[in-house]
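A short worksheet on the structure shown next.
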Amino acid sequence: MAVVEIQTKSVTINNGDISIDAYLAKPLESGIWPGIVVFQEVFGVNDHIRSVTDRIAQLGYVAIAPALYQRQAPGFEVGYSPADLELGRTYKNQTTAADLLSDIRATLTYLQQQEPVKSSFGAIGFCFGGHVAYLAATLPDIQATASFYGAGIATMTPGGGVPTVALTPQIQGVLYAFFGTQDALIPSIDVEQIKAELQAHQIRHQVFTYPANHGFFCDQRASYQPEAAAQAWQQVQQLFKQYL
Numbered sequence: 000m001a002v003v004e005i006q007t008k009s010v011t012i013n014n015g016d017i018s019i020d021a022y023l024a025k026p027l028e029s030g031i032w033p034g035i036v037v038f039q040e041v042f043g044v045n046d047h048i049r050s051v052t053d054r055i056a057q058l059g060y061v062a063i064a065p066a067l068y069q070r071q072a073p074g075f076e077v078g079y080s081p082a083d084l085e086l087g088r089t090y091k092n093q094t095t096a097a098d099l100l101s102d103i104r105a106t107l108t109y110l111q112q113q114e115p116v117k118s119s120f121g122a123i124g125f126c127f128g129g130h131v132a133y134l135a136a137t138l139p140d141i142q143a144t145a146s147f148y149g150a151g152i153a154t155m156t157p158g159g160g161v162p163t164v165a166l167t168p169q170i171q172g173v174l175y176a177f178f179g180t181q182d183a184l185i186p187s188i189d190v191e192q193i194k195a196e197l198q199a200h201q202i203r204h205q206v207f208t209y210p211a212n213h214g215f216f217c218d219q220r221a222s223y224q225p226e227a228a229a230q231a232w233q234q235v236q237q238l239f240k241q242y243l
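Take 0 as the starting number for the sequence shown in numbering that gives the first Met the number 0 and just add one per residue.
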């Protein structure tokens, strides 16, 4: 696909009594583009997430990455050390599905009010953001979702309650899920359960697996697997091109 010139900026999303920081990237050329929400790993809206947001915008989308830890740690972004991972997980454990979904709705409203976007929206997320993307897919405005190695989808939901996979019947769009077969955080039984639920409820979907570890898409992590990342990126492009 052709790469377009983009512009980027930090923005603030109003969601009632909280203002959510976000990173926005969009084509420099004027036009009406589909909107895509990008969900961070546990490490915050850091350099990698901004880079992914840029790559999506370069394909001809308005891409926005809201800070999922706004309530817990405004401005949070870290690297990939064990201490960073522990801190990121601490904040992740303080999030709730209700707040996350509220923030996603506010992000979609922001795009509709502030940017010239089509009425079709997509979502993509990695790690914790992969789980959040699965949650986002239950919203009627989300037509296409790419969920990368979202741990816990089959076993829990942020803040407690029935596992997120139980919400599968609410998905109205198309969902692509990406997993590594060597991912110690997501056992194969979880992947099979997600597949079974998607099939049972006749959700349009594809599940892709690669001989890779958790975090295989991130080129700043030791678990980066270039071949798997490249193959998955091709599928992401196909998903958004076909359905948005």
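Built from N, CA and C at the ideal position, the CB exists for glycine as well.
Computed from a predicted model, the values in this text were never measured in an experiment.
| query | result |
| --- | --- |
| When the Cα of ALA228 is compared with those of ILE185, VAL206, PHE147, TRP32, which residue comes out closest? | PHE147 |
| Helix, strand or coil: how does DSSP classify PHE42 here? | coil |
| Below 8 Å on the Cβ atoms is my contact criterion, and I expect ILE19 with VAL37 to pass it. Report the Cβ-Cβ distance as a whole number of Å. | 13 Å between Cβ atoms; not a contact. |
| Would you mind giving the Cβ-Cβ distance between GLY158 and ALA96, rounded to the nearest angstrom? I have them listed as a contact below 8 Å. | 6 Å |
| With distance defined between alpha-carbon atoms, name the residue in ASP83, THR167, PHE127 nearest to GLY151. | PHE127 |
| Give the single residue among VAL190, ILE63, GLN6 whose Cα lies nearest to the Cα of ILE123. | ILE63 |
| Tell me, please, whether the segment 17-32 touches the segment 108-121 by the rule of three or more beta-carbon pairs shorter than 8 Å. | yes |
| Please classify PRO168 as buried or exposed, where buried requires at least 16 other C-beta atoms within 10 Å of its C-beta. | exposed |
| Taking only three categories from DSSP, how would you classify ALA231? | helix |
| Entirely within the segment 31-106 and at least 4 residues each: give me those alpha helix (DSSP H) ranges in chain order. | 46-56, 81-91 |
| VAL44 and ALA24 - do their beta-carbons sit closer together than 8 Å? | no |
| Rounded to a whole number of angstroms, what is the C-alpha to C-alpha distance between GLN39 and PHE125? | 6 Å |
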